[in-house]
Amino acid sequence: MALACERKLAALALTDHDTVAGLPEAEAAAAALGPYADGSRLRFIRGVEIEVAFEPGEFHLLGLDLAPLYGPDGGPASPAARRLLSALEGLGKARDERNRIILDKAREAGVDISMEELSEAAGGSRPGRPHIAGLLVKHHAARNRQDAFSRFLAKGRPLYAPKECLELEEAMELVRDAGGLAIVAHPLSLFVSWTRLATIMDGWKELGIDGIEAWHPVAKPGQCRRLEKMGRDRGFRITAGSDYHGLIRPERRLGKTSGGLSIDDSYLAELSR
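Residue numbering for the sequence shown follows the working numbering, beginning at 41 and increasing consecutively.
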């Protein structure tokens with residue numbers, strides 16, 4: 041939050057994978073920051089990124105601008121919040137089991153990484169594949185994190201293990217019931233042709249998906265512009281993200297998206313109800 045304020049960003053959404061446990065701390069940190077010179081403040085957006093069942097690629101659904109999920113006593117703020125928290129807890133347990141399977145495969149391949157080492161690498165957050173990728177680098181099994189994903193952790197690679205996911209309809213309903221907007225994250229990660237993606241987008245519109253994240257740092261600007269046009273042609277809300285992961289993904293910069301471009305405030309306006 042302090043870095044976002046230092047860079048004078050208008051807004052920042054926290055969208056951790058399959059958990060919202062960090063939202064209260066992040067929201068409090070954002071609220072404690074002072075105003076900018078023009079009197080405005082950093083807008084904090086409650087979010088989550090949910091993994092959805094899909095083949096052949098990876099499907100992540102963003103829940104953006106969620107209503108408060110926790111009450112004054114720290115418990116769920118509403119029945120809808122309770123349902124979302126319960127579903128995310130189940131996904132979190134599935135993530136832990138997936139980590140164990142991946143580390144078992146790594147040991148069979150001659151790379152001995154313990155669960156304790158993984159927990160330490162995660163630094164108190166819920167560990168996942170990015171942390172395992174970092175440890176593969178540390179153990180000299182990969183040149184860098186991207187190499188670790190490309191050679192070992194991506195779908196179809198030796199250390200890959202599937203993870204329990206939600207169906208799209210369930211994930212969308214959980215997000216919408218919790219007051220959020222259901223936005224498909226980085227659609228190119230579905231790893232389908234442009235022709236098939238157009239058909240899939242038609243299905244999303246019929247289902248009630250709110251929008252797509254057309255701008256993402258991994259995609260090329262031309263691809264992002266094409267995604268934005270496809271989304272606007274279907275009446276989707278269009279968002280842009282940095283997918284900032286902190287120190288574990290230093291190539292991604294807060295407030296920057298594809299091609300190193302700054303994220304325009306017009307994409308923030310897309311969240312308006």
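We put the CB at the ideal spot given by N, CA and C, even for glycine.
Every value quoted in this text rests on a predicted model; they were computed, and no experiment measured them.
Can you give me the C-alpha to C-alpha distance between D250 and R147, rounded to a whole angstrom? The residue given as residue 250 occupies position 210 in the sequence shown. The residue given as residue 147 occupies position 107 in the sequence shown. Roughly 43 Å between the two C-alpha positions.
Please classify E89: does DSSP put it in a helix, a strand, or coil? Here residue 89 refers to the residue found at position 49 when the sequence shown is read from its first residue. Residue state, collapsed to three classes: strand.
For D105 and L294, believed in contact at Cβ under 8 Å, the rounded distance: Stepping through the sequence shown from its first residue, residue 294 is reached at position 254. Stepping through the sequence shown from its first residue, residue 105 is reached at position 65. With a Cβ gap of about 19 Å, L294 and D105 do not count as contacting.
For the beta strand (DSSP E) holding E209, just list the boundary residues, first then last. Sequence index remark: in the sequence shown, residue 209 carries index 169 (1-based). Segment 208–217 is the alpha helix (DSSP H) holding E209; no beta strand (DSSP E) there.
Please classify E253: does DSSP put it in a helix, a strand, or coil? Reading the sequence shown from its first residue, position 213 is the one you call residue 253. Correct three-state label for E253: strand.
Could you spell out the range, first to last residue, of the alpha helix (DSSP H) harbouring I240? As a first step, residue 240 is located in the sequence shown; it is residue number 200 there, counting from the start. 234–247 is the span of the alpha helix (DSSP H), which, as asked, contains I240.
Since R135 contacts D58 with CB under 8 Å, what's their CB separation in whole angstroms? Position 95 of the sequence shown, counted from the first residue, corresponds to residue 135. Position 18 of the sequence shown, counted from the first residue, corresponds to residue 58. Confirmed, about 6 Å.
I'd like to know if the stretch 214–231 and the stretch 86–102 are in contact, where contact means that at least 3 CB-CB pairs between them fall below 8 Å. yes
Same chain only: Cβ atoms within 8 Å of K195, ignoring 5 sequence neighbours per side: The residue labelled residue 195 in the question sits at position 155 within the sequence shown. The answer, listed in chain order, is P96, G97, E98.
Alpha carbon to alpha carbon, what distance is there between E209 and R272? For the purposes of this step, residue 272 is identified with residue 232 of the sequence shown, where counting begins at 1. For the purposes of this step, residue 209 is identified with residue 169 of the sequence shown, where counting begins at 1. So the alpha carbons of these two residues sit roughly 22 Å apart.
Rounding to the nearest angstrom, what Cα-Cα distance links I303 and A53 in this structure? Taking the first residue of the sequence shown as 1, we reach residue 303 at position 263. Taking the first residue of the sequence shown as 1, we reach residue 53 at position 13. Approximately 13 Å between the Cα atoms of the pair.
Checking the sheet assignment: what are the DSSP bridge partners for R277? Start at 1 with the first residue of the sequence shown, and residue 277 comes out as number 237. Looking at the DSSP assignment, R277 forms a beta bridge with G251.
Beta-carbon within less than 6 Å of I153's beta-carbon, same chain only, minus the 5 sequence neighbours each way: which residues are those? The sequence position of residue 153 within the sequence shown is 113, counting from 1. Here the set comprises L143, A146, L175.
Can you tell me where the beta strand (DSSP E) with H100 in it begins and where it stops? Within the sequence shown, the letter at position 60 stands for residue 100. Segment 99–104, the beta strand (DSSP E) holding H100.
Among P64, L128, R140, the one whose alpha carbon lies nearest that of G111: By one-based count along the sequence shown, residue 111 stands at place 71. Looking at the Cα atoms, P64 is the closest of the given residues.
Could you work out which residue in W244, G248, L301, H180 is closest to W255 when comparing CA atoms only? One-based indexing of the sequence shown puts residue 255 at position 215. Nearest of W244, G248, L301, H180 to W255, Cα basis: L301.
Taking only the alpha-carbon atoms, compute the straight-line gap between D283 and R81 and give it to the nearest angstrom. One-based indexing of the sequence shown puts residue 283 at position 243. One-based indexing of the sequence shown puts residue 81 at position 41. Going by the C-alpha atoms only, they are around 21 Å apart.
Rounded straight-line distance, which links the Cα of L230 to that of F94: One-based indexing of the sequence shown puts residue 94 at position 54. One-based indexing of the sequence shown puts residue 230 at position 190. Answer to the nearest angstrom: the Cα atoms are 8 Å apart.
Which term fits M41, buried or exposed, when burial requires 16 or more other beta carbons within 10 angstroms of its beta carbon? Along the sequence shown, one-based indexing puts residue 41 at 1. Looking at its Cβ environment, which holds 16 or more other Cβ atoms inside 10 Å, M41 is buried.
From the DSSP output, read off the bridge partner residues of V224. As a position in the sequence shown, residue 224 is number 184, starting the count at 1. Paired residues: L101, I252.
Proximal residues to H285 (C-beta, below 8 Å), its chain only, five neighbours per side dropped: As a first step, residue 285 is located in the sequence shown; it is residue number 245 there, counting from the start. The residues P170, R292, in chain order, have a CB closer than 8 Å to that of H285 in the same chain once the five nearest residues on each side in sequence are set aside.
Alpha carbon of T181 to alpha carbon of A149, nearest angstrom: Numbered from 1 along the sequence shown, position 141 holds the residue referred to as residue 181. Numbered from 1 along the sequence shown, position 109 holds the residue referred to as residue 149. It should be noted that the sequence gives Ala, not Thr, for residue 181. In a straight line, the C-alpha of A181 is about 10 Å away from that of A149.
Where A259 falls, given that 16 or more other Cβ within 10 Å makes a residue buried: Locating residue 259 in the sequence shown gives position 219, counting from the first residue. Around the CB of A259, 16 or more other CB atoms lie within 10 Å, so the residue is classed as buried.
Compare the Cα-Cα distances from K269 to each of M241, L102, R138 and report the closest residue. Taking the first residue of the sequence shown as position 1, residue 269 is located at position 229. Out of M241, L102, R138, M241 has the C-alpha closest to the C-alpha of K269.
Identify the continuous beta strand (DSSP E) that holds L54 and give its terminal residues. As a first step, residue 54 must be located in the sequence shown, where it is residue number 14. First-last of the beta strand (DSSP E) with L54: 51–54.
Kindly say whether K48, judged by its beta-carbon, lies nearer than 8 Å to any beta-carbon of chain D. Among the chains in the structure shown there is no chain D, since it carries only a single protein chain.
Beta-carbon contacts of A225 that lie in its chain and below 7 Å, excluding the five residues immediately before and after: Residue numbering aside, residue 225 sits at position 185 when the sequence shown is read from its first letter. Contacts found: E89, H100, L101, L102, E253.
Near A323, which residues of its chain fall below 6 Å by C-beta distance, leaving aside the five closest residues on each side in sequence? Lying before the first or after the last residue shown, residue 323 is absent from the chain, which here runs from 41 to 313.
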